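Protein chains in written order, with our numbering: chain W, 1059 to 1330; chain R, 110 to 644; chain H, 192 to 506.
Worksheet for the structure shown next.
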Amino acid sequence: MRRGSLYIGAGLVGLFIALALVSLAWTPYDVQVLEIFNKMKPPSATNWLGTDHFGRDILSMIMEGGQVSIAVAFVAVGLGMGLGVPLGLAAAANRGSLLDELIMRSNDVVFAFPALLIAILITAIFGPSAINAIIAIGIFNIPVFARMSRGAALELWTRDFIFAARVAGKGRVRISAEHILPNIANLLIVQGTIQFSLAILAEAALSYVGLGAQPPTPSWGRMLADSQTLASQAPHLVLAPGLSIVLMVLGLNMLGDALRDALDPRLQRGAK
Amino acid sequence: MSLLRIDDLSLSIGTMPILKGISFACAAGQITGLIGESGSGKSMTAYAITQLLPKGAICSGQILLDGDNLLAKTETQMCALRGDDIGLVFQEPMTALNPVKTIGAQVAETVRLHRGASRAEAAAIARDTLNRVGLPAAQFPLGRYPHELSGGQRQRVVIAMAIALRPRLLIADEPTTALDVTTQAGILALLRQLVNEDGMGLILISHDLGVVADMADDLVIMRHGEVVEAGPNAQVFATQNHPYTRALIRASAHQPSRDDYQGETPLLQVEGLVRDYALPRTSLFAAPGRFRAVDGVSFTLRKGENLGLVGESGCGKSTLTRAILGLESIQAGRITINGQPVIAGQSMPAEMRRHLQVVFQDPYASFNPRHKVARLVAEPFHLIADAPQGPARRKAVAEVLQSVGLQPSDADRYIHEFSGGQRQRIAIARALITRPELIVLDEAVSALDVSIRAQILDLLADLSSRFGLSYLFISHDLHVVRKITDRVMVMQAGKIVESGETEAVFAAPQHPYTAALIKAAPQLKVEAKDDELVV
Amino acid sequence: MLHYATKRLISLVLSLFAASVVIFTAIEVIPGDTASFMLGINARPDTVAALRAELGLDLGMVPRYFSWISGMLTGDFGTSYTYRRPVVEMVAGRMWVSLPLAVYALTLSTLIAFPVGIIAASRRGGWADKSIMGATQLGIAVPNFWFAVLMVQIFAIKWGWFRAGGFPGWDNPFQAFRALTLPAIVLALPQAAILARIMRSGLIDTLDADFMRTARAKGRTARGALWHHALRNAMIPVLTILGLQFSFLLAGAIIIEQVFFLPGIGRLIFTAISQRDLIVVESVVMLLVFAVIMLTFLVDLAYAWVDPRLRRRAI
């Protein structure tokens, strides 16, 4: 079951990433070209997923839309991890200090704002765009990673081998980098995969309400928004982007689960 | 007919055999001691009797409780027996109780399960039982939660739950291993008392020969899933048929041979050390209270000397150790090493640190699981300005591994590939590599099996004379301290209450606390007689 | 318990304060001159000046912040620039659609997730567990707005079990709930999937604890031990997630209102953004954050009820 999860998950994720990368250079049809006479055609030999209400090829739009979704999600999670993990480690290394309190309180405040609200605030000022979606989702990911790494680090700080490093004279920053970080790396990988899948969903939601990437850049969320009133007449318009999101997220979650099992620290501790 | 008779019991989990045809008996009103080191299968025997085995476990043979074969019973029938006819007490009192339920509810649960009693009736019986185990109503009302109790008190609650319905058989699996010496004595006395009052049979499982020798009427010695020797207490110790029995007794009584202590120069000096902690605030307006963990401690450790520090948990010895290592700030007093002061709160200069190394208690937690042994052992090199690099470093690591009895090739393996005893050797190697003058051993052998412990103590004694090392040996186990130290200090509530030459202190303790500790510690009294050890 | 509740209350007030500062800074400080931002680059200088006077922008930042806060505390959330009506009026009715929807969805997701998670944990490894894990895996991956569209197609349009949308108002509570039911189910299911998994893993972790072994030693059956001992302990990680869930559900409610034509906060706020009506955005965001923080406070109180170790903790 686990092996299967790993392969299916990796396969799905790999597929979408590949499609997105390919679309940087080539797509079956040009998504900028509108061919109204060809509109709303169901899936056929010429258009594998059919065409939308402007005659654009759905498959091509899915491929290009994937670029945005994956890029936004990836950068946002990277931002969250890159800022959140050092904060969490710093908080754990200075447990109980003012720094720790400050970081924890700030986390709590950010958690009170769902990613959507942060996006609303940002887009209200700066206008909607893919970059602002990245910032909004990224900001929400920072406390997630901070809290997670702080919790894991706190447990490690109580262990004897860290004490041994302190006796060896190593400072807190060095210990955090040399000993703590490598030991939470597995947790980070798993959490990162999960956050990635959540970020894909968040980006889709933001695009759906118009706060993400703007036209003419295609995005899965907006494809859904545009097509929902036509759902009865042309179900393929709704199914294609929706299923893409589902499959991508499903793939990431399966990958995350399989990685969690494979990298389980308990298995690493060996015979006891 | 004996209360419990085990006939040719075999147990395997999956394809791995755990118990290989064991047989022994336990009589009502008697205490049967089940002794073995880790991996002997003694805990699994307890699980087999109560049928609380993990999935995939297959039993064969017979377990007869008053003639009734337990292996033939259904789960429902076993549920009826557990708690009512068979009581079970486990090792870890800190986690054995449900943290979100009151102690009264947890004891009453046993009663309500088996007797269908009403809330009030069950509460009355619970109150009674808690009184019996030494938790009187005034300090321990039924509404107390487990987190408000100490380890020893929690263990008493666990015992209360097990004996509330006066079972025929009580099985106690290492009930005192996690407890302090004086607490341990109290729990063992309680168990003895309950056996006498209720006439129940007690199977006392332990790795500690001293504990079992004191308490048990019958002994069963296990090794690798087999019973190697069994019989009445006195007889087993007198005849010592099996070589393993002899080896166990020898290891328990083992005294490493050491040179007489010679040196005079002071190495570590502590004067008037005080360490206070601020307690968490209990009200928004009152100032936080202060707790004095170390209260005016002074002592001197001379070059080449082995100094012991004994005390129970909470006495402040861990705080004292951290202060000496420069990892705790102090409120008053001075610590000097080789004449140089240890400045509280500031990092110790590397030159000083390299002469002061530590070996910890838990051989499993003291190493970063992701590093290879070579890197782990060489970590203290961080403290030396011109530490050897490359081939010189490999050579240094190899040398130190050989000093502790391991192979140079072990440097390329991961820590999880080694057993507990081997890991402690690696920990000692790590402590040796900077050629320190003083090694602090913080409960360094407490987690090891008796036979391994003897080997490590030998190793430590040998290293001490070879390299002229001094040890600060911290332990709650007085008998270990007695074997390896020249002088000993006894710590209680932040103060040193007695100190002096080890033999003198043990033979004639001056302070009542020291006397109480020595009296409470279970010991195997052994004399050498005609090349054999007689108990 | 009182100590703990007081401490959490202080925390709540501090969080609200911090959140209000963040929102105020974002809306009134970052854009620079709020008035010209709202009116756009083509506005005439005298219109801008008039708006500035109306908004009191000539006062300093700190007085403006305090007048905003004191206004909110007395129920005055300002006047919408676009509609020229008090924000309170515009928001009140709509909040009473979005908030109940979120709470309804939270209740549903809890009611579904708990039994599912418990069944999966108690039959770990069996076919029930495997199929639940598979179903939840799928449930997590589904975006709720897409799910909403599909549900409307199937249940409302094809089969006519529910109305396709709209909200009849609270005069008839039964009809009101009926209108909110399909949206609540749509919101609840993906969240229930997450919650069921957390419940399951929390229970499985608890099942391995030492006190479970003690319970079995007393004569409890495996099932008895699970109900009487494991559940309450497993609630602790579940409660953590429940608090977070509410904020997701609120956001989700805002999003799917479009699909169900519900007169909630969603339409209001998105229109306000496109029209640059910052007053409305500011007040609505503050209200939503307030709702989330309040719920977190309630969850914290629930923690202390479940886990007695927290009750006596010092400040």
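For glycine and all other residues, C-beta sits at the position ideal for the given N, C-alpha and C.
None of the values given here were measured: they were computed from a predicted structure.
Identity of the residue in the options nearest residue i by Cα
i: Gly-243/R; options: Glu-230/R, Val-266/R, Pro-255/R and Ala-226/R; result: Val-266/R
i: Ile-331/H; options: Ala-493/H, Ala-283/H, Ala-383/H and Ile-376/H; result: Ala-383/H
i: Leu-1077/W; options: Phe-1112/W, Phe-1171/W and Val-1126/W; result: Val-1126/W
i: Ser-465/H; options: Asn-1105/W, Arg-1163/W and Leu-1179/W; result: Leu-1179/W
i: Gln-139/R; options: Ala-325/R, Gly-435/R, Lys-592/R and Thr-185/R; result: Ala-325/R
i: Ala-210/H; options: Ser-1164/W, Glu-1122/W and Val-1225/W; result: Ser-1164/W
i: Glu-448/H; options: Leu-479/H, Ile-310/H and Leu-371/H; result: Leu-371/H
i: Glu-1017/W; options: Leu-1174/W, Gly-1138/W and Ile-1161/W; result: Nothing about residue 1017/W can be read from this structure; chain W reaches only from 1059 to 1330.
i: Ser-149/R; options: Leu-161/R, Pro-202/R and Lys-129/R; result: Lys-129/R
i: Ala-1191/W; options: Ala-1103/W, Val-1267/W, Leu-1301/W and Asn-1096/W; result: Val-1267/W
i: Leu-388/R; options: Ala-402/R, Leu-161/R and Ser-528/R; result: Ala-402/R
Coil, strand or helix - residue i by DSSP
i: Ala-326/H; result: helix
i: Val-212/H; result: helix
i: Val-403/R; result: strand
i: Ile-296/R; result: helix
i: Ser-1127/W; result: helix
i: Thr-1109/W; result: strand
i: Gly-1227/W; result: coil
i: Arg-332/R; result: strand
i: Asp-401/H; result: helix
i: Ser-1102/W; result: coil
i: Pro-621/R; result: helix
i: Gln-200/R; result: coil
i: Leu-581/R; result: strand
i: Val-242/R; result: coil
i: Ile-561/R; result: helix
i: Asp-317/R; result: coil
i: Trp-496/H; result: helix
i: Glu-437/R; result: coil
Test item: CB-CB of residue i and residue j under 9 angstroms
i: Lys-628/R; j: Glu-546/R; result: no
i: Ala-296/H; j: Leu-430/H; result: no
i: Ala-1271/W; j: Val-1080/W; result: no
i: Ala-538/R; j: Gly-319/R; result: no
i: Ile-268/R; j: Leu-313/R; result: no
i: Ser-289/H; j: Gly-457/H; result: yes
i: Asp-558/R; j: Gly-530/R; result: yes
i: Phe-353/H; j: Leu-380/H; result: no
i: Val-1091/W; j: Glu-1122/W; result: no
i: Met-403/H; j: Ile-309/H; result: no
Beta strand (DSSP E) segment containing residue i, residue limits
i: Leu-1244/W; result: The question names Leu, yet the displayed sequence has Asn at residue 1244/W. Where Asn-1244/W is concerned, there is no enclosing beta strand (DSSP E), although the alpha helix (DSSP H) it sits in stretches over 1239-1266.
i: Asn-350/R; result: Per DSSP, Asn-350/R belongs to no beta strand (DSSP E) and is neither H nor E.
i: Gly-1309/W; result: Element bounds for Gly-1309/W: not the beta strand (DSSP E) but the alpha helix (DSSP H), 1293-1320.
i: Asn-1096/W; result: First-last for Asn-1096/W: undefined, no H or E at that position.
i: Met-600/R; result: 596-601
i: Gly-417/R; result: 415-419
i: Gly-488/R; result: Note that residue 488/R is Glu in the sequence shown, not Gly. Careful: Glu-488/R lies outside any beta strand (DSSP E) and carries neither H nor E.
i: Ala-387/R; result: 375-387
Limits of the unbroken alpha helix (DSSP H) element including residue i
i: Lys-604/R; result: That residue, Lys-604/R, is in no alpha helix (DSSP H); its beta strand (DSSP E) goes 604-610.
i: Glu-245/H; result: 236-246
i: Ser-258/H; result: 252-264
i: Thr-298/H; result: 278-313
7 angstroms Cβ cut-off: residues of chain B touching residue i
i: Val-1248/W; result: The structure shown contains no chain B; its protein chains are W, R and H.
4-residue-minimum alpha helix (DSSP H) runs that sit fully inside the segment 110-186 of chain R, ordered along the chain: Listed in chain order, the alpha helix (DSSP H) elements of length 4 or more contained wholly in the segment 110-186 of chain R are 151-159.
Report the residue ranges of all alpha helix (DSSP H) runs contained in full by the segment 437-472 of chain H; include only those spanning at least 4 residues, in chain order. 456-465
Just to confirm the assignment: which complete alpha helix (DSSP H) runs, minimum length 4, are found wholly within the segment 490-553 of chain R? 499-512 and 529-541
Counting only runs that start and end within the segment 323-374 of chain H, where is the beta strand (DSSP E) found for 3 or more residues in a row? If we require 3 residues or more, the segment 323-374 of chain H turns out to have no beta strand (DSSP E) run fully inside it.
Tell me the start and end of each unbroken alpha helix (DSSP H) in the segment 1147-1204 of chain W that is at least 4 residues and wholly inside, in chain order. 1156-1169 and 1173-1184
What runs of the beta strand (DSSP E), each 3 residues or longer, lie entirely inside the segment 220-282 of chain R? 278-282
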